[in-house]
Amino acid sequence: KSGTRRHLVDASTSVNDALQKVSGHEEWKAHHLRIHALCLSDAGKNADALKVASDAVDLCKANVPELSVLAIKVKSHVSSLEGLKEGGDGMDGAIALMQHVRSGACADIEDIKNTLIEAWKLVDPAAEKLEAAKD
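If you read the sequence shown in my numbering, its first letter stands for residue 7, the second for the next number, and so on.
If you want it as structure tokens, here you go:
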């Protein structure tokens, strides 16, 4: 639950340190890094949370690709809390932009619309025809 994870930062840090000393278990490490990033974020340590979330994305892409989407969403969420707008290429970029909207980081309805169109353009070449269809 958002806001309550701040109480788990010390325990989460200890678990993170222990997992880094163990070889293998990449899936556990990836799950924990996502959760650790959320704990740090709830504690107001967004810069640290963003670093941990980035590590989670890297770990997932290298070793646990089935968890990449979840890690990208957490990284985008934490970035949004810092006032940043994560992007990227292809599906990963679209996922990050959609999470930006879901995190409530858009200024207004027009910003939401533009961000979702930007995400759409990353995954569907037909999106470029949207403007032509309006005219």
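C-beta atoms are modelled at their ideal positions from N, C-alpha and C, and glycine is treated no differently.
Small disclaimer: the values here were computed from a predicted structure and weren't measured.
Within 8 Å, do at least three Cβ pairs link the segment 82-100 to the segment 115-129? As far as the Cβ criterion goes, the segment 115-129 touches the segment 82-100, which means the pair count is three or higher.
With DSSP collapsed to three states, give me the class of Cys112. Locating residue 112 in the sequence shown gives position 106, where the first residue counts as 1. Coil.
Taking Pro33 as the reference, give the member of Glu72, Ile115, Asp114 with the closest Cα. Taking the first residue of the sequence shown as 1, we reach residue 33 at position 27. A small fix is needed here, since residue 33 is Glu in this sequence, not Pro. Of the residues Glu72, Ile115, Asp114, the one whose Cα lies closest to the Cα of Glu33 is Glu72.
CB contact flag (Val21, Ala55, <7 Å): Reading the sequence shown from its first residue, position 15 is the one you call residue 21. Reading the sequence shown from its first residue, position 49 is the one you call residue 55. Going by C-beta atoms, Val21 is not nearer than 7 Å to Ala55.
Find out if the Cβ-Cβ distance for the pair Ser86, His106 is shorter than 7 Å. Start at 1 with the first residue of the sequence shown, and residue 86 comes out as number 80. Start at 1 with the first residue of the sequence shown, and residue 106 comes out as number 100. The Cβ-Cβ distance between Ser86 and His106 falls below 7 Å.
Residue range of the unbroken alpha helix (DSSP H) whose run includes Lys57: The residue given as residue 57 occupies position 51 in the sequence shown. Counting along the chain, Lys57 sits inside the alpha helix (DSSP H) bounded by residues 52-69.
Terminal residues of the continuous alpha helix (DSSP H) containing Leu44? Indexing the sequence shown from 1 puts residue 44 at position 38. Per DSSP, Leu44 belongs to the alpha helix (DSSP H) from 32-48.
For Ala49 and Arg108, which I take to be in contact (beta-carbon distance under 8 Å), what is that distance rounded to the nearest angstrom? Within the sequence shown, the letter at position 43 stands for residue 49. Within the sequence shown, the letter at position 102 stands for residue 108. Rounded to the nearest angstrom, the Cβ distance from Ala49 to Arg108 is 22 Å, too far for a contact under 8 Å.
If you check the beta carbons only, do Leu25 and Asp61 fall under 7 Å apart? Against the sequence shown, residue 25 aligns to sequence position 19. Against the sequence shown, residue 61 aligns to sequence position 55. No, Cβ-Cβ distance for Leu25 and Asp61 is not below 7 Å.
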